[in-house]
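Down below is the structure, laid out as C-alpha cells.
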Amino acid sequence: MSQRSFTVKYLTSKDCFVYISSACRIFATGTCIQLTHNGNQTGYFSVKSSNAVSEEFDIGISGLYAKCLGIKENTSVLASEVQIPAIKTVKVIPTSKSDYEILEGFSDVVQNILLSQIQVLYTGQCFIVWIGNNLHVTVYVGDIAPVSPGTIGFLTEVDIDPDSNNITKPKADIQKMEKSKKISSDLSKLRKMLGCYEIECDEMLGKFLSYKYDLVCRMVQTSRLPFLEKIQDHCHAFNVFFSKSYVPKEWAENSVSKPLVCHLKLLSNEPTSQKSFYVKLLFLEDIYPELNLDIGKHLFVHDNIFHHLKSKLGARVVLKTVQESYQINKIEILTKRMNLSKVVEKFKEHLAKYSDSVIVLNKGMIFEIEKDIAVSLNFDPPDSGFCLIDNNFVRQCKYDSQEDYIKIESEKEEPVHHIIEDVGNFDTIVQSAMDIFSGADAFGNVLIIGQQGTGKSSLLRAIQHKVQQYPKYMHIKMIKCKSIKGKTMDSLERLFQNIFHELVLHQPSLLVIDDLHVMCENIKDDESAPNAIYFNRISEMFHNFLKPYITKHVIGICATSESLEKLNKNMYSSRGSHVFKNVFTISELDKQDRQTIMKHLLQNYKIVDIEFDELSVKTDGFVFQDMVNFCEKVIYEGLKHSEDDERVEITMENCEKALENTCILSLENVNLHSPGDRDFSHIGGLHDVKQILVETLLWPVKYPQIFADAPLRLQSGLLLYGPPGTGKTMLAGAAAKQCRLRIVTVKGPELLSKYIGASEQAVRDVFQKAQRAKPCILFFDEFDSLAPRRGHDNTGVTDRVVNQFLTQLDGIESLVGVCVLAATSRPDLLDPALLRPGRLDRQILCPLPNKAERLEILKVISKNLDLAADVDLEEIAKSTEHFSGADLQSLMYTAQMFTVDVVDGNEAVSNPNMLFITQEYLRMALKRTRPSLPSHERLKYDRIYEKFHKGAAVQDFEAGKKATLA
Numbered sequence: 001m002s003q004r005s006f007t008v009k010y011l012t013s014k015d016c017f018v019y020i021s022s023a024c025r026i027f028a029t030g031t032c033i034q035l036t037h038n039g040n041q042t043g044y045f046s047v048k049s050s051n052a053v054s055e056e057f058d059i060g061i062s063g064l065y066a067k068c069l070g071i072k073e074n075t076s077v078l079a080s081e082v083q084i085p086a087i088k089t090v091k092v093i094p095t096s097k098s099d100y101e102i103l104e105g106f107s108d109v110v111q112n113i114l115l116s117q118i119q120v121l122y123t124g125q126c127f128i129v130w131i132g133n134n135l136h137v138t139v140y141v142g143d144i145a146p147v148s149p150g151t152i153g154f155l156t157e158v159d160i161d162p163d164s165n166n167i168t169k170p171k172a173d174i175q176k177m178e179k180s181k182k183i184s185s186d187l188s189k190l191r192k193m194l195g196c197y198e199i200e201c202d203e204m205l206g207k208f209l210s211y212k213y214d215l216v217c218r219m220v221q222t223s224r225l226p227f228l229e230k231i232q233d234h235c236h237a238f239n240v241f242f243s244k245s246y247v248p249k250e251w252a253e254n255s256v257s258k259p260l261v262c263h264l265k266l267l268s269n270e271p272t273s274q275k276s277f278y279v280k281l282l283f284l285e286d287i288y289p290e291l292n293l294d295i296g297k298h299l300f301v302h303d304n305i306f307h308h309l310k311s312k313l314g315a316r317v318v319l320k321t322v323q324e325s326y327q328i329n330k331i332e333i334l335t336k337r338m339n340l341s342k343v344v345e346k347f348k349e350h351l352a353k354y355s356d357s358v359i360v361l362n363k364g365m366i367f368e369i370e371k372d373i374a375v376s377l378n379f380d381p382p383d384s385g386f387c388l389i390d391n392n393f394v395r396q397c398k399y400d401s402q403e404d405y406i407k408i409e410s411e412k413e414e415p416v417h418h419i420i421e422d423v424g425n426f427d428t429i430v431q432s433a434m435d436i437f438s439g440a441d442a443f444g445n446v447l448i449i450g451q452q453g454t455g456k457s458s459l460l461r462a463i464q465h466k467v468q469q470y471p472k473y474m475h476i477k478m479i480k481c482k483s484i485k486g487k488t489m490d491s492l493e494r495l496f497q498n499i500f501h502e503l504v505l506h507q508p509s510l511l512v513i514d515d516l517h518v519m520c521e522n523i524k525d526d527e528s529a530p531n532a533i534y535f536n537r538i539s540e541m542f543h544n545f546l547k548p549y550i551t552k553h554v555i556g557i558c559a560t561s562e563s564l565e566k567l568n569k570n571m572y573s574s575r576g577s578h579v580f581k582n583v584f585t586i587s588e589l590d591k592q593d594r595q596t597i598m599k600h601l602l603q604n605y606k607i608v609d610i611e612f613d614e615l616s617v618k619t620d621g622f623v624f625q626d627m628v629n630f631c632e633k634v635i636y637e638g639l640k641h642s643e644d645d646e647r648v649e650i651t652m653e654n655c656e657k658a659l660e661n662t663c664i665l666s667l668e669n670v671n672l673h674s675p676g677d678r679d680f681s682h683i684g685g686l687h688d689v690k691q692i693l694v695e696t697l698l699w700p701v702k703y704p705q706i707f708a709d710a711p712l713r714l715q716s717g718l719l720l721y722g723p724p725g726t727g728k729t730m731l732a733g734a735a736a737k738q739c740r741l742r743i744v745t746v747k748g749p750e751l752l753s754k755y756i757g758a759s760e761q762a763v764r765d766v767f768q769k770a771q772r773a774k775p776c777i778l779f780f781d782e783f784d785s786l787a788p789r790r791g792h793d794n795t796g797v798t799d800r801v802v803n804q805f806l807t808q809l810d811g812i813e814s815l816v817g818v819c820v821l822a823a824t825s826r827p828d829l830l831d832p833a834l835l836r837p838g839r840l841d842r843q844i845l846c847p848l849p850n851k852a853e854r855l856e857i858l859k860v861i862s863k864n865l866d867l868a869a870d871v872d873l874e875e876i877a878k879s880t881e882h883f884s885g886a887d888l889q890s891l892m893y894t895a896q897m898f899t900v901d902v903v904d905g906n907e908a909v910s911n912p913n914m915l916f917i918t919q920e921y922l923r924m925a926l927k928r929t930r931p932s933l934p935s936h937e938r939l940k941y942d943r944i945y946e947k948f949h950k951g952a953a954v955q956d957f958e959a960g961k962k963a964t965l966a
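Residue numbering for the sequence shown follows the UniProt record's numbering, beginning at 1 and increasing consecutively.
Laid out in C-alpha cells, this is it:
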C-alpha cells in the first residue's frame, strides 16, 4: 500500500471530507483514503477536489472537524488509498442530551444530512454534523455492522442512541476496536490459508477458529485430474492426493516410513451428515514421478467423499495428522439384500486389490467396492471410528454381512453442447472468457449480450465446464434471476450474503448470473414509479455486494443480458466504474451456421434428398433456439410418416411442413401483413421494375456471402413512383411473396398523432418491429402524406416525423436485413433529404403500360375468368391506350357483370358455364370504362416525373414548389 505525505490546511467547509488540489492526480474524487496523523493515529475519509486547496501536496480539512480529531494545521500526514465496503447499520451517539434532542428533532432528514457531509465511518470516530449554517452537533460512532470502517449509502440504517450512559464513553468503543484487532490477528493464519484478505470475512471465518488443523486446502474430485489414468491403481475411496510442495516438511519426511493418516473436516456453514472422517494422504509426486504440472493447493478426493459431504467443487477442508489408530476384531458389511450372498467375497477382493499398502476404512460411510455394489461398514468394538488395513489384517479379520438400504447419490453434470463452438462467434467468446478468468490473483468480469434464444445459457454452460477443469478448478455458483424476481429487499440481501460467503470460502470462484436484466431492469419512462424505485434499490444493493468482493477476492462474474439498454444504471452506467468491463455480443447466425446446426441436430436420422442450402436460406433470421425448435418439428414430422421406428427418415417435405409451423422467437407478439398468394407471375408488365426488386431483395438473401464481402454499403431503400393504378402497392406484396420475405406495411398517415412525441415514437417502433422480423420488407404506402417537405406543416408534426425518418434510414442503428420500400404518386412532395444516396437512394418509375404490357396484364387478369372462343384480347389491348393496370382490371370486372345481367340468376347457378365473357361484352365494357387519369392529369404527372427525374425535386423549396405548380 503506497503512502503519500501531505500538509494539513484548515478550511471553512461544513462537512467531514478531505479536499485536495484540482491539479493533484494522486487520488480521484470519491476515493476512500486512510490518514495517519500524530504518529500512529488513523482515520478514514472520502476525497473531494477543491480550488480552495492551491498546492498539490496540501490537504484541506474543515477546521472544526480537524480539531475534533486532534489534527493540527500545517502538520504532515500520510495518506494511502483503501477499499472500504458498504455498511448496513450504524449507531450514532451524541455527546450531550441537548445534542440528542437536536438530532431527534431532525431525525427525518439526518440520513440525507449525513450523506451530504460524510461518507466513511468507523467505530469510535468523533465527527461534526452541521444542521444549518450556524448549528452543529458533535457525535461519536458506536456499533457498525457488518464491518468497520465502512461507507454509508441510501440503504444504510442510522440509529441515534438515546442512552446517556454511552454519551461520554468513547473509551469503551476504543476498547472494542482493540478487541476487534486482536480477533483479526487470531484470524490472520486462517485468512491466509483460505485466500481471504479482508476483514469483512472475519464474521464468517470466526466460527472455524475452534477447528484444530495443520493444513487448509480446496477439494477437487479425483476424476478431474488430467493424468487420472496414471494414478488409477491408487484411487481407493479413502485415499486423497496432494502435492508435496505445499505440505509441512515433516509431513513429507514421515510419509516415507509410515502411512500419513489425516483427520478431514469440511469448512461449511451447513451441517453435514457426518462431521468428520479419516483419509490416507498420498503425494502425487511419489505416485507419478514424471509429473510436470503445478496442480496448486488442491486436495484430490474420491467422488464418494464429495457425495457423502454433499460438498461442491472447491470446498475448503482442514486436515490434521493422526498418530493413533483403532484396533478392531470384526467388520460388519451393510448392503442391499440382492448383494448379501456375494458381498463378503467381493469385499475381500476389494481389500486385496489395495492392501499392498496400508488403506483406511471409515465407519458409516457408503462407498462402492464394485460396480453396482455399495456397502457401509460397522466395526467391533463399536466405538472405533476408523481402521487401517494391511495384508495381515485382511486374512485375520472376521467379516459379517447385514441387510440395509444403501444408495449412492451421484451428481450429474449438465451435458455441454459441443455444437456451441462451431457456430457464430461462440468459440471466440468462450476463449476470451477463459483468458479473462485465467489470472492468478484477480479476475475480470464478463457480460454476454444476446437476444432471447441466441444461446446465452448454452455459452454459460460451456464456460462453466471449462473453468471447472485443470488448472483453475473454479467453484461455480449460479443465480437465475427469473426465479428470484419479485423477492423483497431483505430476502435478496440474505440470499446475496450467503452466496458471497460461499464464493469467498470456495475461491477461486465464478458467480454466474443468467438474465441479469430481469433482476436489475432499467426503467426509463418514470424513475419515480414503484417499479423503477424497486429495481434501482435492488441494483444498488447488488452493486454494493459485488464491488468489494470482486476487488478483494479471487471471484469472477459471468452474466448475461438481452441488451445494455435493459440493464440498470448501477450495473452498467456511462459514467463511473463499470462492474462489467468485458462485454461480448453474440453475433447473428449466417447461412453456414444454420446449415451446421441442422446437420448436427439431424445427424442421427436418415436424410433423404434434403436441400440444406435451400433450407438455410429459408431460415434466415432464425436464432439458435429457433433452429432447435425447427429441427424438433422436422423430426416429429418424420416420425409421423415413418414406417420404421428405429431408423426415421427425414425428407424435404417434412422440412417444408415444419417450416410452415415454426414461429421464430423474434416475431412473438408481432403482427405481420400477409403478402398474399400473388407473386411476380400474377403481375403483367413492369419487367424492369420486377428485375430491380429481385436484385435488391432476393439476391442478398440468396447469396449472403458475396454481399457480406462487398466493400460498400448496399442499397436498401427503394422508392416506387408513378401514376395511380400502375401497381405500386401490388408490387410490394408480390415482391415479398416472390423473395420469400416477411412484410411490415404502414398505410400513409396512420403513424401521425396529435400528441407530442407520439408520432416519432411510432416511427421508431415500426423500425424496431422490422428489425425483429428481418429479413423483411418495410413498406410505406402513400409516403408523401407521411414525409412531406419540411416547413409545410404549421404544427411541425410531419417535420419531426421526417427528422425521425432521416435518423432511422441512415443513422447509427443498422438496417441490415431490412429493405425499406416506399410508394407514392407525387415524389415531388417528398422531402429531398429522404432521397439522397444512403436512404431511399433508388427511385423506380412505374409508368402506364404500353400495348404489349396491357395485353400481358389482360392475360393475367383473365387467367381465372371464363372467356368465350371469340375473345380477342389483343384488340382490347390496342383500344385501351392510356389505361392503367387498375383500369384494365375494372374493364374485365365490368365485362363479367354484363354476363350476369343477361343471364337469369337461377339459371346461372344451375349452369355456371353460361357466364362466359364474350368479345361483345368486352366492347360494351370498354364503352363504359374510361381511363382514371384524364389527358390533362396525365400531362401533369408526366411533367412532374420528368422534372423529378432531372433532379428538380432535390432543389430548394421554392424551386420545387414552382416545378409542382408548373
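Glycine is no exception: its CB is placed at the ideal position from the N, C-alpha and C atoms.
Out of 220, 386, 726 and 142, the CA that lies nearest to the CA of residue 323 is found in 386. DSSP, read as helix, strand or coil, puts residue 370 in strand. In this structure, 327 is the residue among 286, 327 and 927 with its C-alpha nearest to the C-alpha of residue 398. For residue 146, the closest C-alpha among the options 262, 109, 87 and 128 is that of 87. In the DSSP assignment, residue 43 is bridged to 35. Shown here, residue 781 sits in a strand according to DSSP, grouped into three states. Cβ-Cβ distances below 7 Å link residue 48 to 17, 19 and 29 in the same chain, with the five nearest sequence neighbours on each side left out; the list follows chain order. Residue 660 sits in a helix when the DSSP states are folded into three classes. In chain order, 436, 444 and 446 place their CB closer than 6 Å to the CB of residue 582, counting only its own chain and leaving out the 5 sequence neighbours on each side. Boundaries of the beta strand (DSSP E) harbouring residue 822: 818-824, taken from the DSSP string. For the region 226-303, the full-length alpha helix (DSSP H) segments reaching 4 residues or more read 249-257 and 284-287 along the chain.
Boundaries of the beta strand (DSSP E) harbouring residue 559: 555-561, taken from the DSSP string. Membership of residue 542 in any beta strand (DSSP E) is not indicated; the residue belongs instead to the alpha helix (DSSP H) covering 530-552. Inclusion of residue 262 and residue 321 in the CB contact set at 8 Å is warranted, their separation being smaller than that value. Assigned with DSSP and collapsed to three states, residue 68 falls in helix. In this structure, residue 258 lies away from residue 359, with their beta-carbon atoms at least 8 Å apart. Contact annotation: the region 730-738 touches the region 689-699, with at least three C-beta pairs closer than 8 Å. Per DSSP, reduced to three states, the secondary structure at residue 10 is strand.
In this structure, the CA atom of residue 871 is about 34 Å from the CA atom of residue 844.
Within the region 744-774, the runs of alpha helix (DSSP H) at least 4 residues long that lie entirely inside it are, in chain order, 758-772. By the Cβ criterion, the region 714-731 is not in contact with the region 754-768, since fewer than three pairs of Cβ atoms, one from each stretch, lie closer than 8 Å.
Setting aside the 5 residues that flank it on each side, residue 553 is surrounded in the same chain by 504 and 507, each with a C-beta closer than 6 Å to its C-beta; the list follows chain order. In terms of Cβ geometry, residue 692 and residue 730 do not form a close pair [threshold 8 Å]. Here residue 572 carries a coil assignment [DSSP, helix/strand/coil]. The C-alpha of residue 43 is placed about 12 Å away from the C-alpha of residue 81. Distance from the CA of residue 9 to the CA of residue 24, rounded to the nearest whole angstrom, comes to 15 Å. Here residue 353 is exposed, its C-beta having fewer than 16 other C-beta atoms within 10 Å.
Of the other Cβ atoms in all chains shown, 16 or more fall within 10 Å of the Cβ of residue 282; this residue is therefore buried. Under the three-state reduction of DSSP output, residue 496 falls in the helix class. Residue 885 and residue 926 have their C-alpha atoms roughly 14 Å apart. Between residue 510 and residue 579 a beta carbon distance of about 15 Å is seen, past the 8 Å cut, so the two are scored as non-contacting. The alpha-carbon of residue 752 is positioned some 8 Å away from that of residue 801. The C-alpha of residue 543 is placed about 18 Å away from the C-alpha of residue 120. Under a 10 Å Cβ-count criterion, residue 561 is classified as buried, with 16 or more other Cβ atoms of the shown protein chains found around its own Cβ. Rounded to whole angstroms, the separation of the alpha carbons of residue 536 and residue 488 is 13 Å.
In the structure shown, residue 365 falls within a coil segment according to DSSP collapsed to helix, strand and coil.
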